[in-house]
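Here the structure comes first, spelled out in structure tokens, and everything after it is commentary.
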Amino acid sequence: MKVLKPLLRWELFLVVLLGVEMMVFGALNRRFLNLENLLYSSSDFAHIMLAALPLTLVIITGGIDISIAAVMGLASIVLGVTWQAGVDVYTALLLALLVGVVAGTLNGLLVANTDINPLVITLGTLFLFSGLATALAGSLGAAGYEGISGLPRVFTQLAHGAVGPVPYTLIFVIILVLIYSVLLHKTRFGRALYLIGANVQAARFSGVPVKSTIVGAYALSSLGGAMAGAMLTAYFTSARSDLGSDALLPTITAVVLGGASILGGSGTIIGAFVAVLILGYLKQGLLALGVTSDVSQVVIGLLLILVVVLRYWAADINQLRRNRRALQGRIEPEGGDLATRHAP
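Structure (structure tokens):
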């Protein structure tokens, strides 16, 4: 039952919220609820899922990784440039993913071995990775944000193919949801993430390998960013250094909406997954109603602020309840004598 309690709280609320969202947009536009369209349109925000799932691990530790959007562009251009140089497209894909792991490892080492705020560190590496992507593209003929097109269809089909009505991208994401869920809830690594986020000093005294765990979390986060960059490359059939530049806000919003505390110590993969669905279909629904993408970004930003404030208030209320229960627990064993002694 302890394992099910979180699912009966915030995650259940998210599922209900997703259902309400579907009903509202379905009432406003009947074509919105077409199952085939819903499944197909999930490919439009699959890259957010790929980035948000492992970013959850980082935020559980009490950290943050805002360089993940730049990693998307860097991985994309590395893939394109390597393929353009004559390397097999799948070998180029593996190299792009490796670049993501290296980028994340750099972030993790800097965070784990310094007292600098992770926000500051990953802000610096965001500019570093973005600059590397732009320089690499420019040095090889794709100046500025021009793309490298002509990628093989066998690669681009990864983002456009489907098994029946279910896109490959959604199948891949669901597999990752299962993998990350097991990693987070059934392994020592996952338990270490929660311990570090709850109290890093207590985690050290408990023998948790804090530094290597943090490095691992950031490496997985950037690997997710590299996967997202590769997915975007296949989706747009072009490798560009600016891919993912608008993905940071919805990715962080999804993780926080999914139940991860920005202070660390809490969060689930299922919550992040459902939150991405909420945000993705929110944007799809607004676009179907004629709302521009810029306005959708404003809505997502307001939603992020609202969720953070609500969860902060909820945490305060829960703490007050725990304090009250603890106080009652100390008073009750004394019975009526204590009450009598303190009676006016």
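Add 105 to the 1-based position in the sequence shown for the numbering used here, that's all there is to it.
Heads up, the beta-carbon is just placed ideally off N, CA and C, and yes, glycines get one too.
Sequence-distant residues of the same chain with beta carbon closer than 7 Å to residue i, five excluded per side
i: Ser359; result: The sequence shown places Ala at residue 359, rather than the Ser named in the question. So the qualifying residues of the chain are Ile153, Ala157, Ala377, Ala380, Val381 and Leu384.
i: Val413; result: Val361 and Ile367
i: Gln402; result: Leu354
i: Leu144; result: Pro270, Val271, Pro272 and Leu275
i: Leu138; result: Met127 and Gly131
i: Ile405; result: Leu354, Pro355, Thr358 and Leu384
N- and C-terminal bounds of the alpha helix (DSSP H) containing residue i
i: Asn142; result: Leu140 to Ser146
i: Val259; result: Arg258 to His265
i: Ser326; result: Val315 to Phe341
i: Arg114; result: No alpha helix (DSSP H) holds Arg114; DSSP gives it neither H nor E.
i: Thr358; result: Leu353 to Leu362
i: Leu382; result: Ile374 to Ala393
i: Leu298; result: Arg293 to Ala303
Sequence-distant residues of the same chain with beta carbon closer than 8 Å to residue i, five excluded per side
i: Gly266; result: Pro272 and Tyr273
i: Gly213; result: Ile319, Val320, Gly321, Ala322, Tyr323 and Ala324
i: Thr196; result: Thr187
i: Ile171; result: Leu224, Thr227, Leu228, Leu231, Leu353 and Ile357
i: Ala308; result: Ala297, Leu300, Ile301 and Val315
i: Ala303; result: Gly369 and Gly370
Three-state secondary structure assigned by DSSP to residue i
i: Pro223; result: helix
i: Val271; result: strand
i: Ala151; result: helix
i: Ala190; result: coil
i: Ser286; result: helix
i: Ile165; result: helix
i: Ile253; result: strand
i: Arg135; result: helix
i: Ala344; result: strand
i: Asn218; result: helix
i: Leu122; result: helix
i: Gly209; result: helix
i: Gly349; result: coil
i: Ser311; result: coil
i: Leu368; result: coil
i: Val183; result: helix
i: Ser172; result: coil
i: Val396; result: coil
i: Arg429; result: helix
Selected residue, minimal CA-CA separation from residue i, among the options
i: Leu387; options: Ser146, Gln189, Gly168 and Ile276; result: Ser146
i: Ala453; options: Gly390, Arg430, Ser346 and Ala217; result: Coverage of the chain is limited to positions 106 through 449, which leaves residue 453 absent and any answer about it impossible.
i: Gly363; options: Leu162, Leu144 and Arg135; result: Leu162
i: Pro257; options: Val216, Phe341, Ile221 and Arg293; result: Phe341
i: Asp149; options: Gly168, Leu241, Gly395 and Val278; result: Val278
i: Ser317; options: Glu116, Ala217, Gly395 and Leu123; result: Ala217
i: Thr292; options: Val313, Pro223 and Val194; result: Val313
i: Phe118; options: Ala393, Ile405, Ile375 and Thr261; result: Ile375
i: Lys399; options: Asp351, Thr239 and Gly124; result: Just to set this straight, residue 399 is Asp in the shown sequence, not Lys. When only C-alpha atoms are compared, the closest one is Asp351.
i: Leu409; options: Ala365, Phe260, Leu133 and Ile422; result: Ala365
i: Ala264; options: Ala242, Met336 and Leu122; result: Met336
i: Ile61; options: Ala240, Gly295 and Gln262; result: The structure shown does not extend to residue 61, since the chain is modelled only from 106 to 449, so the question has no answer here.
i: Gly395; options: Leu122, Glu116, Val120 and Asn134; result: Asn134
i: Ile173; options: Val268, Gln306, Leu140 and Thr210; result: Thr210
i: Ala151; options: His290, Val120 and Gly349; result: Gly349
i: Gln262; options: Val194, Val120 and Leu233; result: Val194
i: Val305; options: Trp418, Ser244, Gly168 and Thr239; result: Gly168
Sequence-distant residues of its chain with Cβ nearer than 6 Å to residue i (five each side left out)
i: Thr338; result: Ser181, Leu184 and Ala344
i: Gly249; result: Unreliable positioning characterises Gly249 in this predicted model, as indicated by a pLDDT of 49, which lies under 50. The coordinate reading is nonetheless provided below. Nothing listed; no residue qualifies.
i: Gln389; result: Ser146
i: Ile221; result: none
i: Leu391; result: Ser401
i: Ala201; result: Ala180, Val183, Leu184, Ala331 and Ala335
i: Gln189; result: Ile253
Original post:
Is the stretch 150–160 touching the stretch 271–285 in the sense that three or more CB pairs, one from each, lie closer than 8 Å?
Top reply: Touching, per the Cβ criterion.
**OP:** May I ask you to verify whether the stretch 170–180 touches the stretch 316–332, counting CB pairs closer than 8 Å and requiring at least 3?
**Re:** The stretch 170–180 is in contact with the stretch 316–332.
**OP:** Please determine if the stretch 200–212 and the stretch 329–339 are in contact, where contact requires at least 3 C-beta pairs separated by less than 8 Å.
**Re:** Three or more Cβ pairs drawn from the stretch 200–212 and the stretch 329–339 lie within less than 8 Å of each other, which places the two stretches in contact.
Subject >> Inter-stretch contact (C-beta, 8 Å, three-pair minimum) for the stretch 368–375 and the stretch 297–305 >> reply: Result yes; three or more Cβ-Cβ pairs closer than 8 Å.
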